[in-house]
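If you want the numbering used here, it's the 1-based position in the sequence shown plus 15.
Glycine included, each C-beta is placed from N, C-alpha and C at the ideal position.
Okay, so here's the structure we're looking at.
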Amino acid sequence: QLPGAAATLRGATAVVTLEPCDHTGRTGPCTEALLEAGIARVVVARRDPNPQAAGGIDRLRAAGVEVVDDVPAELAATAAALNRGWEHGLVHARPLVTAKTALTLDGRAAAADGTSQWITGPAAREEVHRLRTTCDAVLVGTGTARSDRPTLTARRPDGTLHPRQPLRVVMGTSEVEDLPVVDGAGEALHLPTRDPSAALATLFDRGIRHVLLEGGPTLAAAFLRAGLVDELIVHLAPTLLGAGRPGVADLGITTLAQRLDLELTDVAPLPTPGGGRDLRLTLRPRITPTPG
């Protein structure tokens, strides 16, 4: 019986997003837990790309367990999305970073008087809360923590919390009050650094594999300048402000040739009250091949 299981699992089918490990790390081999539980069939959505942990499929089959690893493409794609932070960590030894922002059509994140709630409609905001449930940590700067007093929780439209909550992180050297206390919210952490690389290293050591960057323009610019944004999600509202806070602060770019090009990987319309539509743009920095 697996730890915490309410009833015997003997003869059951287990569906896993990643090939069960066959080595001892922080915990024992997953294969041994499955065998001890008497699992008769295992559906594996994705083979383990880590050579140190691979081999679980062969171990289970050798023990007489039926293993299905030829799964529908949709299931494999879902598993890849769930595992992408972990797989990114294997290659880069740091968390995957998704930066999120909400902008007007002319690139403003707030009006001239500082008001920003709400630029986008409820569908976009609900999507952000679902996104928080898929990340290990949500990170803001001390400026956002002071001005907005965000809870950084993942909430349903009715205000109740999703079961999975991210670590709530404030980054920066300025003094800042603790984040609001919310029953059921994730742990709060203050990282007293302005260095994006140092912040990510600390989070990686804590087991964080996917960070959602939700800070203001200064924090977004710091991570972009450091080359540490892997994905950018922009909720774009069909409205204009003409003045106000930009979505991204100074990137140190002085001429067009230095621009930071992005690759658009997905675009989707989102309904808004009154019949308008926000757009969700998903982008990633374009890698420029090194000459020679």
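### Task
Could you check the C-alpha separation between residue 167 and residue 271 for me, to the nearest Å?
Translated into the one-based positions of the sequence shown, residue 167 becomes position 152. Translated into the one-based positions of the sequence shown, residue 271 becomes position 256. Distance from the CA of residue 167 to the CA of residue 271, rounded to the nearest whole angstrom, comes to 36 Å.
### Residues near residue 278 by beta carbon distance below 7 Å, same chain, minus five either side
For the purposes of this step, residue 278 is taken as the residue at position 263 of the sequence shown. Correct list, in chain order: 298, 299, 301.
### Three-state secondary structure (DSSP) of residue 16
Counting from one through the sequence shown, the residue named residue 16 turns up at place 1. Summary for residue 16: the model assigns pLDDT 48, below 50, so the residue's position carries little reliability; its value from the coordinates is reported in the next sentence. Three-state DSSP puts residue 16 in coil, outside helix and strand.
### Task
Take residue 197 and list the residues in its own chain whose beta-carbon comes closer than 6 Å to its own, dropping the five residues that flank it on each side.
Locating residue 197 in the sequence shown gives position 182, counting from the first residue. Within the same chain, residue 197 has close Cβ partners 166, 168.
### Task
Can you grab the Cα-Cα spacing for the pair residue 39 / residue 163, in whole Å?
Translated into positions along the sequence shown, residue 39 becomes position 24. Translated into positions along the sequence shown, residue 163 becomes position 148. One C-alpha to the other measures close to 44 Å.
#### Entry: C-beta contact flag for residue 27 and residue 55 at 9 Å
To locate residue 27, count along the sequence shown from 1; it is residue 12. To locate residue 55, count along the sequence shown from 1; it is residue 40. The answer is yes: Cβ separation under 9 Å.
### Query
Hey, how far is the Cα of residue 234 from the Cα of residue 212?
For the purposes of this step, residue 234 is taken as residue 219 along the sequence shown, with counting starting at 1. For the purposes of this step, residue 212 is taken as residue 197 along the sequence shown, with counting starting at 1. C-alpha separation (whole angstroms): 12 Å.
### Residue nearest to residue 43 in terms of C-alpha spacing, selected from 191, 257, 71
Here the question's residue 43 lines up with position 28 in the sequence shown. The candidate whose alpha carbon is nearest that of residue 43 is 71.
### Message
In this structure, how does DSSP classify residue 159 when only helix, strand and coil are distinguished?
### Response
If you number the sequence shown from 1, residue 159 lands on position 144. DSSP places residue 159 in helix when its eight states are reduced to three.
### Query
Could you give the uninterrupted runs of the alpha helix (DSSP H) lying entirely in the region 45-128, keeping only those of 4 residues or more?
As far as the region 45-128 is concerned, its whole alpha helix (DSSP H) runs of at least 4 residues are 45-52, 71-77, 88-107.
### Query
If you count every other CB in all the chains shown that lies within 10 Å of the CB of residue 132, and 16 or more means buried, which is it?
The residue labelled residue 132 in the question sits at position 117 within the sequence shown. The residue is exposed, with fewer than 16 neighbouring Cβ atoms inside 10 Å.
### Message
Which residue wins for smallest C-alpha separation from residue 182, given the options 142, 64, 229?
### Response
Within the sequence shown, the letter at position 167 stands for residue 182. Minimum Cα distance to residue 182 is reached at 229.
### Query
Run through DSSP, which three-state label would residue 177 get?
By 1-based counting over the sequence shown, the position of residue 177 is 162. Coil.
### Message
Rounded to whole angstroms, what is the Cα-Cα separation between residue 294 and residue 262?
### Response
Translated into positions along the sequence shown, residue 294 becomes position 279. Translated into positions along the sequence shown, residue 262 becomes position 247. If you draw a straight line from the Cα of residue 294 to the Cα of residue 262, it is about 16 Å long.
### Query
Are residue 204 and residue 184 closer than 9 Å when you measure CB to CB?
Counted from its first residue, the sequence shown places residue 204 at position 189. Counted from its first residue, the sequence shown places residue 184 at position 169. Yes, these two residues count as a Cβ contact at 9 Å.
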